[in-house]
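Numbering of the sequence shown is given in the UniProt record's numbering, commencing with residue 1 and proceeding in unit increments. Idealized CB from N, CA, C, for every residue including glycine.
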Amino acid sequence: MTTVLIIDDEVNLRKVIGGILQKNGYEILEASNGIEALKIFRATDIIITDLKMPKMGGIEFMEELKNRDIEDIPVIILTAYSTIETAIKAIKLGAFDYIRKPFDKNELISIIKKAESFLSHEQYTIHINKPAMFTPIINSKSMKPMMEKIDRIAKLDVNILLTGETGTGKTIMAQYIHSISKRKNKPFIKVNCSAIPENLIESELFGHKKGAFTGAFETKPGKFQLSDGGTLFLDEIGEFPLNIQAKLLHAIQEKDIQMIGCTETQKVDTRIITATNRDLLTMVREGRFREDLFYRLNNFEFVLPPLKDRINEIEEIILFFTNKIALKYNLPHTNLDSKSIKKIKAYKWPGNLRELENTLERKMLLGELTFIWNKQEEMKDEKGVSFDSLILSEIENKIIKKALYITGNNITKAAVLLGISRRTLYKKLKTSQFELFSDAKNHEQ
1 MTTVLIIDDE
11 VNLRKVIGGI
21 LQKNGYEILE
31 ASNGIEALKI
41 FRATDIIITD
51 LKMPKMGGIE
61 FMEELKNRDI
71 EDIPVIILTA
81 YSTIETAIKA
91 IKLGAFDYIR
101 KPFDKNELIS
111 IIKKAESFLS
121 HEQYTIHINK
131 PAMFTPIINS
141 KSMKPMMEKI
151 DRIAKLDVNI
161 LLTGETGTGK
171 TIMAQYIHSI
181 SKRKNKPFIK
191 VNCSAIPENL
201 IESELFGHKK
211 GAFTGAFETK
221 PGKFQLSDGG
231 TLFLDEIGEF
241 PLNIQAKLLH
251 AIQEKDIQMI
261 GCTETQKVDT
271 RIITATNRDL
281 LTMVREGRFR
291 EDLFYRLNNF
301 EFVLPPLKDR
311 INEIEEIILF
321 FTNKIALKYN
331 LPHTNLDSKS
341 IKKIKAYKWP
351 GNLRELENTL
361 ERKMLLGELT
371 FIWNKQEEMK
381 DEKGVSFDSL
391 ILSEIENKII
401 KKALYITGNN
411 ITKAAVLLGI
421 SRRTLYKKLK
431 TSQFELFSDA
441 KNHEQ
C-alpha cells in the first residue's frame with residue numbers, strides 16, 4: 001500500500017485530502033508543518049505539502065530534503081492561485097508537481113497515480129554551484145585526460161553525450177558539467193527517459209494546456225520550459241520512444257517547443273546533456289534510433305570508465321560516499337579499516353559506483369562497516385545464484401530484524417529507522433522468513 005504524507009497546518013484540509021486518498025486505497029500520515037514532517041517522512045512514498053505554514057513552510061522543507069540528499073520521494077505542492085509562481089519555483093527546486101487550491105479530487109488522484117509510476121525512478125531538479133563537491137569522483141589520475149577535455153567543453157554551449165556501463169557516474173558527471181558552465185546558476189533538470197510511460201513523455205517534456213487530454217486539469221509547463229536558461233539532462237536516452245524523437249530533434253535544433261493542445265510555439269534556451277549505457281550507433285543501424293538525432297546529441301561524447309579500472313582510487317571514492325551517506329541519514333562518520341578496504345578492492349563491482357554506494361549505505365545503516373566477503377562471492381552456486389547476493393540478502397534481513405527489535409516490532413517506526421517506506425518494508429518482510437513477517441504484522445500501531 002502506498003503511503004502519502006500530508007503536510008498542512010489546516011487540520012480540516014488534511015482530513016479532506018486524507019479521506020479522499022484513503023477511499024482510493026492509500027495509507028495516510030499527517031504533519032502540521034515541515035519540522036514535524038522531517039521526523040516521519042522516511043516512512044512515506046509520496047509527500048503532499050502546503051507552501052505557507054508556521055515554523056517551516058513547504059519551500060524550506062524541500063530545501064532541507066535537498067540538504068539531506070533526499071531525491072527519491074515525489075513531493076507535490078499545494079498552492080493557491082496567488083502563489084503559482086512560488087509553485088513553479090518549488091518545481092525547479094525538485095517538486096514533482098503542484099495542485100492548485102481549491103482542488104478537484106480527480107486531479108488529486110491523477111497526480112498521485114502519476115507520482116506512483118515514478119517512485120522507483122529518479123526524476124528531479126537541482127541547482128548546483130559547487131564543483132568541488134564532485135572532486136573525489138571525477139578528479140583522479142585515471143580520469144585526468146578526460147576531465148581536461150570536459151573542463152574545456154563544459155564552458156561551451158554544445159550538447160554532450162555520456163556513455164558507459166550502468167552505475168559509472170554519468171549523472172554525477174552531468175551535474176559537474178552544469179556546475180562549471182555559464183548556466184550554473186540556472187536549473188539543472190534530470191529526466192529518466194526509461195521511467196516515463198510513452199503516452200506521458202511528450203507532456204512531461206513539452207508541457208500541456210488545460211483540457212488537452214483526459215486528466216489535463218491544469219496548464220502545466222514541461223521540462224524544457226522549466227530548464228529554460230539551464231541544463232536538461234536526459235538520462236537513458238536510448239529508451240526514448242522512436243515516434244517522438246522527431247519532436248525532440250526539432251526542440252533541440254530549433255530551440256522552440258509546442259505544448260500539447262497549443263497552436264503556438266515558444267522559444268527555449270536549454271543546454272542538452274544525454275546519457276546511456278546502450279550502443280546508440282547499433283540502434284541507429286537497426287532503425288531503433290534516429291541518425292540525425294544521434295548526431296545532434298553527440299557534439300562531444302565521453303565514455304566513463306568502470307570502477308574495476310579505478311581500484312587504486314577507491315579509498316577516496318569510499319570517503320566521498322561515506323561522508324555523503326552520513327549527511328543523508330544524520331549518522332556519525334566511520335572510517336573503514338585496512339582489511340575492509342582490501343576486500344573492497346578485491347571485489348569486481350559489476351554495478352560500479354552505484355553498487356559501491358548502495359553497499360556502503362546498507363552497511364552504515366546496520367552500523368557495521370566490516371566487510372565479510374570472500375572469494376566465493378564471485379562464484380556462482382549450482383542454481384546460478386551469486387554468493388554475494390545471498391550474503392547481501394542475509395545482511396538485509398539482519399538490518400530489518402534489528403530495526404524491528406529496536407522499535408518493538410512497530411512497522412511504521414522501523415520503516416522510519418531504515419529510511420524506507422512502509423510499503424517497501426512490507427514487501428521485504430513478505431519475501432523474507434515467514435516467521436519474521438507473521439511476528440511483525442501484528443505490531444503496526
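**Report entry** Expected contact under 8 Å - CB spacing of Phe-224 and Leu-205 to nearest Å
**Finding:** 6 Å
Report task. Could you give the DSSP three-state label for Tyr-347: helix, strand or coil? Result -> coil
Query raised in the report: Apart from the five residues just before and just after Glu-64, which ones in its own chain have a Cβ nearer than 8 Å to its Cβ?
Result: Gly-34, Leu-38 and Met-56
Requested in this report: Would you mind giving the Cβ-Cβ distance between Ile-46 and Ile-112, rounded to the nearest angstrom? I have them listed as a contact below 8 Å.
Outcome: 6 Å
Requested in this report: May I ask you to report which of helix, strand or coil DSSP gives Lys-267?
Outcome: strand
Requested in this report: Going by DSSP, name the residue or residues bridged to Val-75.
Outcome: Ile-47
Query raised in the report: For the alpha helix (DSSP H) that contains Val-416, what are its first and last residues?
Result: 411–418
Query - According to DSSP, residues forming a beta bridge with Arg-284 - result: The identity of residue 284 in the sequence shown is Val, whereas the question assumes Arg. None, per the DSSP bridge assignment.
Requested in this report: Give the C-beta separation of Trp-349 and Glu-355 to the nearest angstrom, bearing in mind that I take them to be a contact with Cβ-Cβ under 8 Å.
Outcome: 6 Å
Report task. Assign Gln-376 to buried or exposed, taking buried as 16 or more other Cβ atoms, counted over all protein chains shown, within 10 Å of its Cβ. Result -> With a pLDDT of only 36 at Gln-376, under the threshold of 50, the placement of this residue in the model should not be trusted, and no figure is reported.
Report task. Please name the residue in Lys-184, Gly-167 and Thr-168 whose C-alpha comes closest to that of Gln-175. Result -> Lys-184
Query - Leu-162 (DSSP reduced to helix, strand or coil) - result: strand
Query raised in the report: With distances taken from CA atoms, which of Glu-286, Ile-400, Glu-315 and Leu-297 is nearest Lys-427?
Result: Ile-400
Query raised in the report: In this structure, what does DSSP give as the bridge partners for His-208?
Result: Lys-220 and Ile-260
Report task. Look up Asn-12 in the DSSP assignment and say whether it is helix, strand or coil. Result -> helix
**Report entry** Among Val-416, Gly-408 and Lys-343, the one whose alpha carbon lies nearest that of Leu-365
**Finding:** Val-416
Query - Environment of Glu-202 [buried if 16+ CB atoms lie within 10 Å] - result: buried
Query raised in the report: Any idea what DSSP makes of Phe-434, helix, strand or coil?
Result: Reliability fails at Phe-434, whose pLDDT of 32 lies under 50, so the model's placement of it is uncertain and the value that follows must be treated cautiously. If DSSP states are grouped into helix, strand and coil, Phe-434 belongs with the helices.
Query raised in the report: In the DSSP assignment, what residue or residues form a beta bridge with Asn-192?
Result: Asp-235
Query raised in the report: Hey, how far is the Cα of Lys-149 from the Cα of Ser-338?
Result: 35 Å
Query raised in the report: Rounded to a whole number of angstroms, what is the C-alpha to C-alpha distance between Ser-82 and Lys-141?
Result: Per-residue confidence for Ser-82 stands at a pLDDT of 49, beneath the threshold of 50, marking its modelled position as unreliable; the derived number appears in the next sentence. So the alpha carbons of these two residues sit roughly 52 Å apart.
Query raised in the report: What number of angstroms, rounded off, separates the C-alpha of Asn-192 from the C-alpha of Asn-397?
Result: 30 Å
**Report entry** Length of the line joining the Cα atoms of Asp-228 and Tyr-295
**Finding:** 22 Å
Query raised in the report: Since Ile-272 sits in a beta bridge, which residues does DSSP pair it with?
Result: Leu-232
Query raised in the report: Secondary structure at Ile-59, three-state DSSP: helix, strand or coil?
Result: helix
Query raised in the report: Taking the alpha-carbon positions, what's the His-121 to Glu-236 distance?
Result: Any reading at His-121 must be qualified, since the residue scores a pLDDT of 46, below 50, and its modelled position is unreliable; no value is offered.
Query raised in the report: What residues match up with Lys-101 in a beta bridge as DSSP calls it?
Result: Ala-80
Query raised in the report: If you compare alpha carbons, which of Phe-103, Gly-230 and Lys-209 is closest to Asp-157?
Result: Gly-230
Query raised in the report: Beta carbon of Lys-345, beta carbon of Ile-311: below 8 Å?
Result: yes
Query - When Glu-165, Thr-3 and Arg-68 are compared against Asp-309, the one with the closest alpha-carbon - result: Glu-165
Query raised in the report: If you count every other CB in all the chains shown that lies within 10 Å of the CB of Gly-94, and 16 or more means buried, which is it?
Result: buried
Query - Host alpha helix (DSSP H) of Ala-154 (start-end) - result: No alpha helix (DSSP H) holds Ala-154; DSSP gives it neither H nor E.
Query raised in the report: Of the residues Asn-159, Ala-195 and Thr-79, which one's Cα is nearest the Cα of Ala-115?
Result: Ala-195
Query raised in the report: With a CB to CB cut of under 6 Å and the five nearest residues on each side skipped, what residues in its chain are close to Ile-109?
Result: Asn-24
Query raised in the report: For Ser-32, which of Val-16, Ile-17 and Met-53 has the nearest alpha-carbon?
Result: Met-53
Requested in this report: Report, in whole angstroms, the separation of the C-beta atoms of Leu-29 and Ala-43, which I expect to be a contact under 8 Å.
Outcome: 7 Å
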